[in-house]
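Trainee: Got a structure here, written out as structure tokens. Questions coming.
Number of protein chains: 2
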Amino acid sequence: MSPVSVAYANLLSSTLGEGKGTDPARLEGDLATRFRDAHSQVEARIEKGEMGFVRLPGDEAMRRGVQEVADSFGQWFETLVVVGIGGSSLGARAVTDALLGPHWNEDSDEDREHYPRLHFMENPDPGSVSDLLARVDPRRTLFNIVSKSGSTAETMAQLLVVEHFLRERLEEEQVRGHFLFTTDPETGVLRRMAELRGIPTLAVPPAVGGRFSVLSPVGLLPAAVTGVDTAGLLRGAAEVESLCRNPVLKENPAGILATLLHAADVEEGRRIHVLMPYHDRLRSLALWFQQLWGESLGKARGVDGAPTETGPTPLPALGAVDQHSLLQLFMEGPPDKVILFLRVGGRDNPVAIPSLHGEEPALSYLGGHTLDGLLEAERRATAEALRRIGRPSAVVEVERLDARALGGLLMLFQMATVFAGALYGVDPLDQPGVEAGKTLTYGLLGRDGYDVPSLEPEDAGGYRFPLAAASEPSRNP
Amino acid sequence: MSPVSVAYANLLSSTLGEGKGTDPARLEGDLATRFRDAHSQVEARIEKGEMGFVRLPGDEAMRRGVQEVADSFGQWFETLVVVGIGGSSLGARAVTDALLGPHWNEDSDEDREHYPRLHFMENPDPGSVSDLLARVDPRRTLFNIVSKSGSTAETMAQLLVVEHFLRERLEEEQVRGHFLFTTDPETGVLRRMAELRGIPTLAVPPAVGGRFSVLSPVGLLPAAVTGVDTAGLLRGAAEVESLCRNPVLKENPAGILATLLHAADVEEGRRIHVLMPYHDRLRSLALWFQQLWGESLGKARGVDGAPTETGPTPLPALGAVDQHSLLQLFMEGPPDKVILFLRVGGRDNPVAIPSLHGEEPALSYLGGHTLDGLLEAERRATAEALRRIGRPSAVVEVERLDARALGGLLMLFQMATVFAGALYGVDPLDQPGVEAGKTLTYGLLGRDGYDVPSLEPEDAGGYRFPLAAASEPSRNP
Chain Y
1 MSPVSVAYAN
11 LLSSTLGEGK
21 GTDPARLEGD
31 LATRFRDAHS
41 QVEARIEKGE
51 MGFVRLPGDE
61 AMRRGVQEVA
71 DSFGQWFETL
81 VVVGIGGSSL
91 GARAVTDALL
101 GPHWNEDSDE
111 DREHYPRLHF
121 MENPDPGSVS
131 DLLARVDPRR
141 TLFNIVSKSG
151 STAETMAQLL
161 VVEHFLRERL
171 EEEQVRGHFL
181 FTTDPETGVL
191 RRMAELRGIP
201 TLAVPPAVGG
211 RFSVLSPVGL
221 LPAAVTGVDT
231 AGLLRGAAEV
241 ESLCRNPVLK
251 ENPAGILATL
261 LHAADVEEGR
271 RIHVLMPYHD
281 RLRSLALWFQ
291 QLWGESLGKA
301 RGVDGAPTET
311 GPTPLPALGA
321 VDQHSLLQLF
331 MEGPPDKVIL
341 FLRVGGRDNP
351 VAIPSLHGEE
361 PALSYLGGHT
371 LDGLLEAERR
381 ATAEALRRIG
391 RPSAVVEVER
401 LDARALGGLL
411 MLFQMATVFA
421 GALYGVDPLD
431 QPGVEAGKTL
441 TYGLLGRDGY
451 DVPSLEPEDA
461 GGYRFPLAAA
471 SEPSRNP
Chain U
478 MSPVSVAYAN
488 LLSSTLGEGK
498 GTDPARLEGD
508 LATRFRDAHS
518 QVEARIEKGE
528 MGFVRLPGDE
538 AMRRGVQEVA
548 DSFGQWFETL
558 VVVGIGGSSL
568 GARAVTDALL
578 GPHWNEDSDE
588 DREHYPRLHF
598 MENPDPGSVS
608 DLLARVDPRR
618 TLFNIVSKSG
628 STAETMAQLL
638 VVEHFLRERL
648 EEEQVRGHFL
658 FTTDPETGVL
668 RRMAELRGIP
678 TLAVPPAVGG
688 RFSVLSPVGL
698 LPAAVTGVDT
708 AGLLRGAAEV
718 ESLCRNPVLK
728 ENPAGILATL
738 LHAADVEEGR
748 RIHVLMPYHD
758 RLRSLALWFQ
768 QLWGESLGKA
778 RGVDGAPTET
788 GPTPLPALGA
798 VDQHSLLQLF
808 MEGPPDKVIL
818 FLRVGGRDNP
828 VAIPSLHGEE
838 PALSYLGGHT
848 LDGLLEAERR
858 ATAEALRRIG
868 RPSAVVEVER
878 LDARALGGLL
888 MLFQMATVFA
898 GALYGVDPLD
908 QPGVEAGKTL
918 TYGLLGRDGY
928 DVPSLEPEDA
938 GGYRFPLAAA
948 SEPSRNP
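For the protein sequence lines, the chains are Y and U, in the order given. Here the numbering used here is used: position 266 in the first sequence is 266, and no number is missing along the way. Here the numbering used here is used: position 304 in the second sequence is 781, and no number is missing along the way.
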């Protein structure tokens, strides 16, 4: 039995009404053919070893290596701080937020079964960084520095701040014992420093990019240290990976998602793809998906080099709360969205709603239901309200929120992303558009070899309100 | 001196290049005229008393009433739980996340100056609700139930769960003392229950809708209970409100924002409006803005009744982390976005980056800067990289993140929203599109007077993968 399922009737014209959504006959016609082609492009790149994420679920040696490091460190430290940004933190956060829950760090040692507390140092926001450092015990904290290249400005700056923090509080020779680097197996400053100073490391496989690294040591180490069932995670991923290697569109859940979302965008202009879990613990998964889908498909040029400026905009949402924020726009705004509901089938404790105040009609109908049932009624009602006005949605579902199901979800979305890349005709593995900003940042900070760019001031020409403020810049980088 | 400033050169063709952005001459031409008209429509509705949020900053009696309730309750309780969803929580969360910071609840009583801990019960997620209730001491917890109508299904269900929780743990006559209702001054189930049982209440002024309620008792009570300077908050809001009553476009910061964002959407198809603070504590403000902008402007019909299906999609982002997630799409994807940077000018502790490992070029350039300087360099570099390829942005800036500045920001965005409503030709105060889903939810839950809707199953016709799962629905609402 697959750990994930996909219900997609509400993406089809047979359900939405003539001229809206995709004609289901095409799933065995032109779209099946198009998908077969996309599938073979992806298979060719897997064959060439370019899509390393596909191989991770079967890499038992890698998993065992991570688990050994985790088991040894797990005994020594009270707190793990993951220092990383973007692909170096979003996957680990998606996994641990889903499986540990929001109160892990407030739990007692006993409730955590003596697994460490877990913090993420992502943004180089000075308030957040100094608040966090003020709260951890340097003698009992491990800093996992994660950067494949070892050149990420934010993470390197935080590394320097953390090293200074440790040096001030520990003996010189103790400092290195509080670091664990996750980086390229051969090159980069983190690799060099680790070798020079004897800092333990984990390797990001070369063919695994940041946003596809959740099942590599990047995501597995924080999971393993906090007691997540990494074997279950990879088992679920392997099951879904195997389903997604199928060239037959209707038998490939990632193929179905990629094909129907791509068609909705390019054929109907539904270019905003909303991922809306109805489960608080999956909010971080939606943020992980946002990077995966947006950075992989948002490309100025196709693989053929032709200008394209393509790519859907992924919008994370949360049910039911965003019914009270975004649903008005989804229902009545431009018909430019597809909603992907994410549903968990069952809960250990659905929480009964007691029958109180039966005399009040605004309360009495609720008694006897559960909060879980209320959430699911809201989700179904939202899907149906959208369907009735011809607006498309789909449901990705897992039976229970456990490691296996989560591994399945992570693999489903990664496979859907590379299929979508092939359908859009872009390379889902690169991100050339972020280089310009990096170079300008280096220039602004005076890094050797980078010009100080002549920046157009943003308030040039007096286009600022109020005008007086323009003359006193409060801060120089 | 205005507590907020707006730098908008990067929205203009003079900066972005011919054919991109708005010709600055129009700010004193057709756009000035169009804004004058929008302004007079808004003024007319303010005059008629329909836009209650404008009057809140000057309502000192309201503020004092809230403060008195807060001062009395603040002494008795260790924890405040705000039970509300959408407009009943997003504003309070934006204020308290910005001014209390992320570790408030972990701080000691002394560090919190004996102000209560603060939790939000928003989603009726059974895991979150039961986790939270397991963590609070019922004898020392106040539940602020917030629903203007008193009919919000999620909030009413949570009220029943909370009441049951309290009844099981306290004496019958004590229960009512742990509730504070914020609701309509006259009607609704909360108002009735409060009168029947002697539960203290605060009133949401009738002409103040949910998403415009942050400066009413809805947002002020949680702020006041946790020691936020509510007078400062309203003072900043009043200052900006007064600036935003000016009919001259170039002298009205909310007018500038509304006019240029509207023009970017309808004239250039830049329909995704990104609000991207470079400050962790302002992440929740971006979520508040998302509801405000999306729910106010996303409308199927204009005020004239004609079909329109209009409204930009607001996308919250966070700098610098989302440079590692969304920037690729912003740079290379479709030219359908405007980025609104949100910047805080100064910090108490910018956090020095130490000069260590000077032999490593990937590290040495960072030493001597601060984390705050790094963040600002990243923001400027991002704005400049976008500008160089003709992609628009603007900067909303406050000098310091304090109550006054936050009040200013809240008022700026609310005024921009009602001006934008006039420019789009829609009513920014209603939300007719959410009714269909509510009615269907009532039907699914068997509320009297609502039909059980005949739902199209989402997996109708076998459009589900894997097929087998379709026959066993795991949960009935």
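Backbone N, C-alpha and C fix where the C-beta goes; we use that ideal spot for every residue, glycine too.
1) Using a C-beta to C-beta distance shorter than 9 Å, which residues of chain Y count as neighbours of Asp-500 of chain U?
2) Using only the alpha-carbon positions, how far apart do Leu-202 of chain Y and Thr-182 of chain Y sit?
3) Report yes or no: is there a C-beta of chain Y within less than 8 Å of the C-beta of Val-911 of chain U?
4) Against chain U, with Cβ distances strictly below 8 Å, would Ile-272 of chain Y count as a contact?
5) Under 8 Å, do Val-873 of chain U and Leu-803 of chain U count as touching if we go by C-beta distance?
6) Quick check: what's the CA-CA separation for Arg-881 of chain U versus Thr-96 of chain Y?
7) Cα-Cα, which of Y:Arg-391, Y:Gly-407, Y:Gly-437 and Y:Asp-137 is closest to Gly-19 of chain Y?
8) Against Arg-64 of chain Y, what residues of chain U qualify as contacts under a CB-to-CB distance less than 8 Å, listed in chain order?
9) Examine chain Y for any beta-carbon lying closer than 8 Å to the beta-carbon of Val-559 of chain U, and answer yes or no.
10) Using a beta-carbon distance below 8 Å, is Val-163 of chain Y in contact with chain U?
11) Taking only beta-carbon positions, decide if Ser-951 of chain U is within less than 8 Å of chain Y.
12) Figure out for me which residue from U:Leu-692, U:Asn-600 and U:Gly-498 has the closest Cα to the Cα of Arg-281 of chain Y.
13) Assuming His-750 of chain U contacts Val-815 of chain U (C-beta within less than 8 Å), just tell me the rounded distance between them.
14) Can you tell me whether Leu-889 of chain U is buried or exposed? The criterion is at least 16 other CB atoms within 10 Å of its CB, across all chains shown.
15) So with Cβ pairs under 8 Å, would you call Glu-786 of chain U a contact of chain Y?
16) Hey, Leu-429 of chain Y and Glu-50 of chain Y are a contact pair by Cβ (cut 8 Å); roughly how many whole angstroms apart?
17) Taking only the alpha-carbon atoms, compute the straight-line gap between Ser-948 of chain U and His-591 of chain U and give it to the nearest angstrom.
18) For the candidate residues U:Arg-760, U:Gln-651, U:Pro-789 and U:Cys-721, whose alpha-carbon lies nearest to that of Gly-615 of chain U?
19) Ordered along the chain, which non-local residues of its own chain (more than five positions away) have a Cβ less than 6 Å from that of Ala-157 of chain Y?
20) What does the alpha-carbon distance come out to for the pair Gly-561 of chain U and Thr-632 of chain U?
21) Mark Leu-190 of chain Y as exposed unless 16 or more other C-beta atoms lie within 10 angstroms of its C-beta, in which case mark it buried.
22) Contact defined as beta carbons within less than 8 Å: I believe Ala-899 of chain U pairs with Ala-515 of chain U. What is the distance between those atoms, to the nearest angstrom?
23) Are the beta-carbon atoms belonging to Val-613 of chain U and Thr-556 of chain U less than 8 Å from one another?
24) How about Ala-630 of chain U: is its Cβ closer than 7 Å to a heavy atom in the ligand FMN?
25) In this structure, how does DSSP classify Lys-814 of chain U when only helix, strand and coil are distinguished?
26) Applying a beta-carbon distance threshold of less than 8 Å, which residues of chain Y neighbour Arg-864 of chain U?
27) Considering only C-alpha positions, which residue in the set U:Asp-936, U:Ser-491, U:Gln-518 and U:Gly-938 is nearest to Asn-723 of chain U?
28) Would Pro-954 of chain U count as contacting chain Y if we go by Cβ distances under 8 Å?
29) Exposed or buried, what is Asp-507 of chain U when buried is set at 16 or more other beta-carbons lying within 10 Å of its beta-carbon?
30) Using the beta-carbon of each residue, which ones in chain Y are nearer than 8 Å to Pro-662 of chain U?
31) Give the interface partners of Asp-459 of chain Y over in chain U, defined as CB-CB distance under 7 Å, in chain order.
32) Do Pro-699 of chain U and Leu-576 of chain U have their C-beta atoms closer together than 8 Å?
33) For Pro-789 of chain U and Ala-153 of chain Y, what's the separation of their Cα atoms in angstroms?
34) For Pro-950 of chain U, which residues in the same chain have their Cβ closer than 8 Å to its Cβ, ignoring the five residues on either side in sequence?
35) Using three-state DSSP, classify Lys-148 of chain Y as helix, strand or coil.
36) Pick helix, strand or coil for Thr-187 of chain Y, following the three-state DSSP scheme.
Mentor: For this structure:
1) Result: empty, since nearest Cβ-Cβ is about 12 Å, beyond 9 Å.
2) A direct Cα-Cα distance of roughly 5 Å separates Leu-202 of chain Y from Thr-182 of chain Y.
3) With 8 Å as the cut-off, Val-911 of chain U counts as an interface residue toward chain Y.
4) Answer yes: the Cβ-Cβ gap between Ile-272 of chain Y and chain U drops below 8 Å somewhere.
5) Not a contact, by the Cβ cut-off of 8 Å.
6) Cα-Cα distance, rounded: 37 Å.
7) Ranking the options by Cα distance to Gly-19 of chain Y, first place goes to Y:Arg-391.
8) Within chain U, no residue comes near Arg-64 of chain Y; the closest Cβ sits about 30 Å away, beyond 8 Å.
9) So no, Val-559 of chain U is outside the interface.
10) It should be noted that the sequence gives Glu, not Val, for residue 163 of chain Y. It does: the Cβ of Glu-163 of chain Y has a partner Cβ on chain U nearer than 8 Å.
11) Its pLDDT being 42, under 50, Ser-951 of chain U is placed unreliably by the model, and nothing is read from it.
12) Looking at the Cα atoms, U:Asn-600 is the closest of the given residues.
13) Contact flag correct, Cβ pair sits at about 5 Å.
14) Classification of Leu-889 of chain U: buried, given that the 10 Å Cβ count is 16 or more.
15) Cβ-Cβ to chain Y under 8 Å: yes for Glu-786 of chain U.
16) With a Cβ gap of about 7 Å, Leu-429 of chain Y and Glu-50 of chain Y count as contacting.
17) Because Ser-948 of chain U sits at a pLDDT of 41, beneath the cut-off of 50, its placement in the model cannot be relied upon, and the point is left open.
18) A quick correction: the sequence has Pro, not Gly, at residue 615 of chain U. The shortest Cα separation from Pro-615 of chain U among U:Arg-760, U:Gln-651, U:Pro-789 and U:Cys-721 belongs to U:Gln-651.
19) Around Ala-157 of chain Y, the same chain offers Pro-124 as residues with beta carbons nearer than 6 Å, after the five sequence neighbours per side are excluded.
20) Computed Cα separation, rounded: 6 Å.
21) Leu-190 of chain Y is classed as buried because its beta carbon has at least 16 other beta carbons within 10 Å across all chains shown.
22) Between the beta-carbon of Ala-899 of chain U and that of Ala-515 of chain U there is about 4 Å, and that keeps the pair under the 8 Å contact cut.
23) Between Val-613 of chain U and Thr-556 of chain U, the CB-CB gap stays under 8 Å.
24) No copy of the ligand FMN appears in this structure; indeed no ligand is present at all.
25) Here DSSP, grouped into helix, strand and coil, assigns Lys-814 of chain U to strand.
26) Per Cβ cutoff of 8 Å: Glu-456.
27) Ranked by Cα distance from Asn-723 of chain U, the options U:Asp-936, U:Ser-491, U:Gln-518 and U:Gly-938 are led by U:Gln-518.
28) In this prediction, Pro-954 of chain U has a pLDDT of 40, which is less than 50 and means its spatial position is unreliable; nothing more can be read from the coordinates.
29) Here Asp-507 of chain U is exposed, its C-beta having fewer than 16 other C-beta atoms within 10 Å.
30) The premise fails here: Pro-662 of chain U is roughly 17 Å from chain Y at the closest Cβ pair, so nothing lies under 8 Å.
31) Chain U residues near Asp-459 of chain Y: Ala-484 and Ala-486.
32) In this structure, the beta-carbon distance from Pro-699 of chain U to Leu-576 of chain U does not fall below 8 Å.
33) Their backbone Cα atoms lie some 33 Å apart in a straight line.
34) Note that Pro-950 of chain U has pLDDT 43, beneath the 50 cutoff, so the model's placement of it is unreliable and the number below is only indicative. Sequence-distant Cβ neighbours of Pro-950 of chain U in its own chain, meaning closer than 8 Å and more than five residues away, do not exist here.
35) Coil.
36) Here DSSP, grouped into helix, strand and coil, assigns Thr-187 of chain Y to coil.
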